[in-house]
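Colleague: The opening position of the sequence shown corresponds to residue 1092 in our numbering, with each subsequent residue numbered one higher.
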Amino acid sequence: MNYLFHPEAEAELAQAIDYYEDCENGLGFDFAMEVYNAIDRIVLYPEGWPTLSDDIRRSLVRRFPYGILYAIENDEIIILAVMNLHREPNYWKDRK
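1. Helix or strand or just coil, what does DSSP make of Phe1155?
2. Check whether the region 1146 to 1154 and the region 1120 to 1137 are in contact - that is, three or more C-beta pairs closer than 8 Å.
3. Who are the near neighbours of Glu1167 in its chain, counting only those whose CB is closer than 6 Å to its CB and skipping five residues on each side?
4. Asn1175 lies in the beta strand (DSSP E); which residues open and close that run?
5. How long is the line joining the alpha carbons of Tyr1136 and Glu1115, rounded to whole angstroms?
6. I need the straight-line Cα distance from Asn1175 to Asn1128, nearest angstrom please.
7. If we call anything under 7 Å between Cβ atoms a contact, is Leu1171 one with Ala1100?
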């Protein structure tokens, strides 16, 4: 199964990588690796995570307070948000 990022989710990922890299050298790389590991798990088991609303699912990122919000459409995974779990929880809902 293939995946693609909603443009705003891709921007969130880049911003979070930059933030963690500013905090500590190499931490941005570690964060990116954990996000892509979570995406790999989603690709292997797309229906393995609970739904939040309608057909939107969330997989947690290890080591960091982030979740990957995604939908499955036409045999493709659409990543709607790389969400900081401390942020307003419904900010991404207009992305679908």
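Where a beta carbon is used, it is the ideal one built from N, C-alpha and C, also for glycine.
Modeller: Working from what's here:
1. coil
2. yes
3. Asn1093
4. Glu1167 to Asn1175
5. 32 Å
6. 17 Å
7. yes
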